[in-house]
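In our numbering, the protein residues as written are 116 to 429. Every residue, glycine too, gets a C-beta built ideally from N, C-alpha and C.
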């Protein structure tokens, strides 16, 4: 038996089959397509033989679809619709007017996740232009609500009638150390594993800093960091210099971990909860082909990161 997936790609058969299904007659379908009835009949009989099941009930008054025929027709129509959408998006990306994609994102993703994705898009579609704004999390929700940008990436929030969340990623908070630090050998850790080490923490103006402070408050704990900073890049520089143990999200250091420069050790304390990031857009905004393609790629990246960390976005 031939591969059914191959059958679906036979464009001539798809055209013949769909027309027969519409007219209920091989002769009428052949006339509409300006081909011989025998050519149409041969195509249908050949595929019925391949699939080992009839696609039509043959009546004296004409033909009607069997259950298998109805399923096949639905697959063909769905395939045509998907291809038309793909072609439309491809035309928008490859045409003279590639379009402009406007994104608002927090530092945690604008400095790490987004550049890799935009690099991928621009290599394949060099006519597309991007305008990336790095804003605080509240300003991003406001920008999307005002329809100022195509989409935003910020701290997790709630969907509304106007703003739709496409995907959410939960980024674990943990210790960040150099590969030569003893904590680097652990798969996970508790707060007391950093006892005796100098701590490098984000301050509460950063989302991860506020989340850490909230978690500590739930345990009635306090940490006395040697260094604090309102910039993630500065915290990572201090860690690289061997000045202490940092606390950040997995997202903050994914490039450095991949390169082997730093190690991330998730904290298992119940109060130190993952930091949620949401990808969202304004439902009243009609996304261009370029914006939709970029949105899809970021969604795929969110899903891939969620699989790596053992959590899936809702």
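Round the Cβ separation of residue 182 and residue 222 to the nearest angstrom and send it over; I've been treating them as touching at under 8 Å.
The beta-carbon distance between residue 182 and residue 222, rounded to whole angstroms, is 55 Å. This is too long to meet the 8 Å contact definition.
Is it buried or exposed, residue 211, if we count other Cβ atoms within 10 angstroms and call 16 or more buried?
With a pLDDT of 39 at residue 211, under the threshold of 50, the predicted position of this residue should be treated as unreliable, and no value is reported.
In whole angstroms, what separates the C-alpha of residue 282 from that of residue 241?
Spanning the two alpha carbons is a distance of roughly 26 Å.
Among the residues of its own chain, which have a CB less than 6 Å from the CB of residue 146, if the five just before and after it don't count?
Nothing listed; no residue qualifies.
Considering only the alpha carbon of each residue, which of 308, 358, 189, 172 lies closest to residue 315?
It is 358 whose Cα lies nearest to the Cα of residue 315.
Could you have a look at residue 364 and say whether DSSP puts it in helix, strand or coil?
In this structure, DSSP gives residue 364 an extended state, which the three-state scheme calls strand.
Can the beta-carbon of residue 286 be found less than 7 Å from the beta-carbon of residue 366?
Cβ distance < 7 Å, so residue 286 and residue 366 count as in contact.
Take the Cβ of residue 397 as the centre, count every other Cβ of all protein chains shown within 10 Å, and call the residue buried at 16 or more, exposed below.
Counting Cβ neighbours within 10 Å, residue 397 comes out buried, since at least 16 surround it.
Going by C-alpha to C-alpha distance, which of 236, 132, 216 sits closest to residue 188?
Measuring from the Cα of residue 188, the nearest candidate turns out to be 132.
Count the other CB atoms, across all protein chains shown, that sit within 10 Å of the CB of residue 120; report buried if there are 16 or more and exposed otherwise.
The predicted model places residue 120 with a pLDDT of 38, which falls under 50 and marks its position as unreliable; any figure quoted below should be read in that light. Exposed, by the Cβ-count rule.
Please check the pair residue 135 and residue 155, which I expect to be a contact at CB under 8 Å, by giving their CB distance rounded to whole angstroms.
With a Cβ gap of about 7 Å, residue 135 and residue 155 count as contacting.
Could you pull the start and end residues of the alpha helix (DSSP H) that residue 135 belongs to?
Where residue 135 is concerned, the enclosing alpha helix (DSSP H) stretches over 126-138.
Classification of residue 294 by the beta-carbon crowding that lies within 10 angstroms, buried from 16 upward
Result: exposed.
Looking only at DSSP bridge pairs, what is residue 282 linked to?
Its beta-bridge partners are 394.
Residue 229 and residue 178 look like a contact to me (Cβ under 8 Å); what is the Cβ gap, rounded to whole Å?
About 54 Å separates the two Cβ atoms, so there is no contact after all.
Residues bridged to residue 217 (per DSSP):
Answer by DSSP bridge pairing, in chain order: 246.
For residue 348, count neighbouring C-beta atoms within 10 Å of its own C-beta (all shown protein chains included) and say buried if the count is 16 or more, exposed if not.
Answer is exposed; the Cβ neighbour count stays below 16.
Where does residue 317 sit, in a helix, a strand or coil, going by DSSP?
Strand, per DSSP.
Closest to residue 389 by C-alpha separation, out of 317, 247, 416, 363, would be which residue?
Selection 317, 247, 416, 363 evaluated against residue 389 yields 363 as nearest (Cα-Cα).
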